[in-house]
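Here the sequence shown stands for residues 189 to 397, numbered as in the numbering used here.
What follows is one structure encoded as structure tokens, with my remarks underneath.
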Amino acid sequence: MLKTLELKHQYDAKVKFEFPDIICETKQTLLVLGQSGVGKSTLLHILAGILPPSSGQVFIEDSSLYKQNPRALDRYRGSHIGLVFQKPHFVQSVSAQENLALAQRFAGHPVDKNKISHLLTSLNISHRSEAKTFSMSQGEQQRLSIARALINEPKVILADEPTSALDDKNCEEVLALLETQAQAAGAALIIVTHDNRLKDLFSHQVTLN
Numbered sequence: 189m190l191k192t193l194e195l196k197h198q199y200d201a202k203v204k205f206e207f208p209d210i211i212c213e214t215k216q217t218l219l220v221l222g223q224s225g226v227g228k229s230t231l232l233h234i235l236a237g238i239l240p241p242s243s244g245q246v247f248i249e250d251s252s253l254y255k256q257n258p259r260a261l262d263r264y265r266g267s268h269i270g271l272v273f274q275k276p277h278f279v280q281s282v283s284a285q286e287n288l289a290l291a292q293r294f295a296g297h298p299v300d301k302n303k304i305s306h307l308l309t310s311l312n313i314s315h316r317s318e319a320k321t322f323s324m325s326q327g328e329q330q331r332l333s334i335a336r337a338l339i340n341e342p343k344v345i346l347a348d349e350p351t352s353a354l355d356d357k358n359c360e361e362v363l364a365l366l367e368t369q370a371q372a373a374g375a376a377l378i379i380v381t382h383d384n385r386l387k388d389l390f391s392h393q394v395t396l397n
């Protein structure tokens with residue numbers, strides 16, 4: 189479960205954001221909608237433990253994210269927060285399964301080849317486990333990005349514009365994958381987007397103005 193309390197962030201005298209309080213329970217999906225310039229990326233980075241807010245708090249379960257020291261926060265982020273980026277960022281020189289192993293190592297976990305294999309199978313890309321990521325299709329890379337977000341069994345999954353570059357069919361497929369995998373992992377799923385096609389698909393949503 190993730191919740192926020194009185195989050196604000198100010199870059200300078202002209203650029204400042206105040207965010208509504210949000211709650212996303214375990215196995216629930218929250219849609220955060222908003223056009224460019226309303227602070228979507230800022231909010232996403234705050235929720236991910238990347239950008240400390242000017243004021244306010246982020247809680248995952250009962251832990252206050254920004255009460256931890258930077259080193260502890262890095263380790264906590266790797267274990268408890270999964271990120272699905274709009275454009276996947278992989279280590280191009282190693283295979284798909286090795287990218288997942290790196291995600292485990294960076295979080296301080298031992299490499300679990302069985303878990304990697306199971307996750308790749310569940311996302312229908314086990315046949316590409318030895319492939320370098322640059323040789324994978326956009327759809328395969330997106331599935332691998334979801335696998336990387338899930339590999340450390342996070343409490344929260346944050347998806348940044350996961351559908352904005354996709355046609356309607358692939359949009360629905362990626363959303364179904366995200367929801368199914370998040371629920372299987374027992375995670376809260378937060379989708380941050382300007383894609384208005386998603387507006388009628390989720391009852392639990394927040395619009396940033």
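Glycine included, C-beta positions come from ideal geometry on N, C-alpha and C.
Within the segment 314-365, the complete alpha helix (DSSP H) segments of 4 residues or longer fall at 326-338, listed in chain order.
Taken in chain order, the complete beta strand (DSSP E) segments of 3 or more residues contained in the segment 246-303 are 269-272. Along the length of the segment 198-242, whole beta strand (DSSP E) runs at least 3 residues long occupy 204-206, 217-221, reported in chain order. Membership of Ala375 in any beta strand (DSSP E) is not indicated, and neither H nor E is assigned to it by DSSP. The Cβ atoms of Gly227 and Lys196 do not sit closer than 8 Å to each other. The C-beta separation of Ala347 from Val380 comes to about 7 Å, placing the pair in contact by the 8 Å criterion. For Ser242, same chain residues with a beta-carbon under 6 Å away, outside a window of 5 residues either side, are Lys196, His197, Gln198 in chain order. Between the alpha carbons of Leu235 and Leu338 lies a distance of about 17 Å. Residue environment for Ala291: buried (at least 16 other C-beta atoms within 10 angstroms of its C-beta). If you draw a 10 Å sphere on the C-beta of Gln326, you find fewer than 16 other C-beta atoms in it, and that means exposed. Considering only Asn384, Ala373, Lys301, the residue with the shortest C-alpha distance to Met189 is Ala373. Here Gln280 has Lys320, Thr321, Phe322 as same chain residues with Cβ atoms under 8 Å from its own Cβ, once five neighbours each way along the sequence are excluded.
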